[in-house]
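Numbering (our numbering), first residue to last: 1072 to 1524.
All C-beta atoms in this analysis are idealised placements derived from N, C-alpha and C, irrespective of residue type, glycine included.
A quick note: this is a predicted structure, and the numbers were derived from the prediction, not measured.
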Ligand code: HEM
C-alpha cells in the first residue's frame, strides 16, 4: 500500500501496529475484541507481546491507564504510523509544547458555552437528514447506516464549526476514507495480491482515496461562508495562522486541522449514533422511551441547550452505546523512557495499547457488562463507577477536545430522528465487529426506515 513520493503509506503496512494485530484479532471473526479480553483474563492486566522487531504491551487495568495518560503522560507519546495521510501534522499527532501551542487557540470553540450557538446548526443538519430519510422511507430501500450518520456528522461540523454548507460530496469522501482505513481488508488484500490474485482495491485506489481526502480542506476554506458568523472554529484557525507569535501555525497546519476535525469529529460520532440506532431498533421499548422523553421535554418546538440537559435518558443511551461499542477501542502510545507497569518492564520504543474496550466490558467494573443498560447512567448511578474504567474520549490532557459536543450532537439527533422515524436493522443478528483504528460493524449496519404516522 505504499506509493512512493505521495506519502500514501497504508495502515496495512507491515510496520503498522494495525497490521501486526490483525492476525491475532482474526481469531474471533465475530468479535475480535474477545481474543484480547481472553488474553487479559489469562495473562493479567499488562501483557508484553514480542514481535519480530518490536514489542506491543497490552494494558487493561484502569489504574495503569491513569499512569500512562496522567501520571507519566510525558513519557508516552502518540502513535500515528499509517495515519499521517489522514491527519497530516494536525495537533492530534503532536506531543509536548508544540501540541499545546496548536491546541490552545482552538480550545475556545469547544467550551460548553458555545453549544447553545451550535445547536440550531446541528438541528438544520438533522432536518436535511430527515428529508433524505423521508425519501428512503417511501422507496423502502436498504441503506448503510454508518454512511448516513457519517454524512450527518460531517454536515454538523461544516455548519456549526466552519460556517459552511458542506462543500464536498460526503458520500464520496466517506467511501474513499473507508477504502483507506479498513485495515483488516488491507492485510487480506496484500496477501491475496502476493498470491497472484487480482484484487478490487489497488494501490492507485489508495492513492485516489488520499487525494480525495486532501481536496476537502481547500474546498472548506474556499467555500463562501454560510452566515458569516464571528465565533467559529474556522475563524479561530484562520486567526492562529495570522498570529505572528505562532509561526508554527502555518497554512498547512490550518489545512491539517480541518482534515483532523473531518475525521476525528465525524467517524467516531457517526459510529456512536449508528450503534445506538442498532441497539434501539433491537429493543423497541428503548425507542418508545426516547420518543416520550422528547415529547415531554421539547414537544413540538425545536430543542434548545436547556432541553439537551433535560434529555437524560436519551443521553444515557448514547453513553451506554459508547461503553459497549467504544469507537476508539484502544489508545496507543509509544514509550520514550524505561518504566515499570504492574511489575512488568516497559522499554523505550514499546507500543503501549490501553485497551479501553476491555475495561468497558470487564465484570470487575460493570455489572452484567454485556447487557445494554442505559440506567447505569441515570440519577447518580454513574458516580459509583471506578475511575478510568470508562474512557470513550481518552483521558488526561490528551483527551478528546470534542467529546462533550459530540454528546450534544448525538443526543439531539437520536431524539429528533426517532420522533419521526422507525429505523429497522436489516443485517445479521447480532452484528459482527471489526477492529480497525475504530470499532466498526463488520460488513456495515444495513437498515430500512419507516416514517411514523
Ligand atoms: C463519539 C464521539 C467521539 C469519540 C468517541 C472520540 C474519541 C476520542 C479519543 C479516544 C481521543 C483521544 C485519543 C488518544 O488519546 O489517543 C480523541 C481525541 C480527539 N478528538 Fe475525539 N472523539 C469523538 C468526537 C470528536 C469530535 C466531535 C471532535 C471535533 C469536532 C473530536 C476531535 C478530536 C481531536 C481534535 C482530538 C485530539 C485532541 C488532542 O490531541 O489534543 N472528537 N477523540
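Pick from the options: whose alpha carbon is nearest that of residue i?
i            : options                   : result
residue 1468 : 1144, 1120, 1118 and 1097 : 1144
residue 1298 : 1451, 1111 and 1235       : 1235
residue 1477 : 1149, 1508 and 1393       : 1393
residue 1451 : 1212, 1383 and 1247       : 1383
residue 1245 : 1376, 1492, 1157 and 1501 : 1157
residue 1494 : 1186, 1519, 1400 and 1320 : 1519
residue 1159 : 1322, 1400 and 1203       : 1322
residue 1410 : 1242, 1351 and 1128       : 1128
residue 1498 : 1418, 1364 and 1353       : 1353
residue 1481 : 1345, 1241, 1165 and 1243 : 1345
residue 1458 : 1471, 1249 and 1431       : 1431
Helix, strand or coil for residue i, going by three-state DSSP, please let me know.
i            : result
residue 1425 : strand
residue 1128 : strand
residue 1143 : coil
residue 1155 : helix
residue 1492 : strand
residue 1505 : strand
residue 1411 : strand
residue 1094 : helix
residue 1450 : coil
residue 1444 : coil
residue 1517 : strand
residue 1364 : helix
residue 1472 : coil
residue 1436 : coil
residue 1522 : strand
residue 1260 : Confidence in residue 1260 is poor, its pLDDT being 49 and thus under 50, which makes the residue's placement too unreliable to answer from.
Could you give the first and the last residue of the continuous alpha helix (DSSP H) run that contains residue i?
i            : result
residue 1353 : 1338–1353
residue 1100 : No alpha helix (DSSP H) holds residue 1100; DSSP gives it neither H nor E.
residue 1187 : 1186–1210
So residue i packs on residue j, CB below 8 angstroms; how close in whole Å?
i            : j            : result
residue 1237 : residue 1226 : 5 angstroms
residue 1374 : residue 1486 : 7 angstroms
residue 1098 : residue 1106 : 5 angstroms
residue 1415 : residue 1117 : 4 angstroms
residue 1332 : residue 1232 : 7 angstroms
residue 1502 : residue 1516 : 6 angstroms
residue 1248 : residue 1280 : 7 angstroms
residue 1223 : residue 1205 : About 14 angstroms; that fails the 8 angstroms criterion.
Residue range of the beta strand (DSSP E) that residue i falls in?
i            : result
residue 1511 : 1510–1512
residue 1415 : 1415–1417
residue 1119 : 1117–1122
residue 1329 : From DSSP, residue 1329 is part of no beta strand (DSSP E) but of the alpha helix (DSSP H) over 1322–1335.
residue 1402 : 1402–1406
Does the contact criterion of 3 or more C-beta pairs under 8 angstroms hold for the region 1125–1136 versus the region 1411–1427? These segments touch.
Mind the definition here: the region 1302–1311 touches the region 1351–1362 only if three or more C-beta pairs lie below 8 angstroms; say whether that holds. No, because fewer than three Cβ pairs between the region 1302–1311 and the region 1351–1362 fall closer than 8 angstroms, the two stretches do not touch.
Touch test, the region 1147–1164 against the region 1399–1410, Cβ-Cβ under 8 angstroms, three pairs minimum: In short, these stretches touch, since the Cβ pair count reaches three.
Is there contact here, the region 1170–1183 with the region 1300–1307, by at least three beta-carbon pairs under 8 angstroms? Remark: three or more beta-carbon pairs, one from each stretch, lie closer than 8 angstroms, so the region 1170–1183 and the region 1300–1307 are flagged as touching.
Please confirm if the region 1209–1223 is in contact with the region 1499–1515, defined as three or more CB-CB distances below 8 angstroms between the two stretches. Yes, the region 1209–1223 is in contact with the region 1499–1515.
With a threshold of 8 angstroms, are at least 3 pairs of Cβ atoms found where one atom belongs to the region 1320–1335 and the other to the region 1285–1302? Cβ pair count under 8 angstroms is three or more, so yes.
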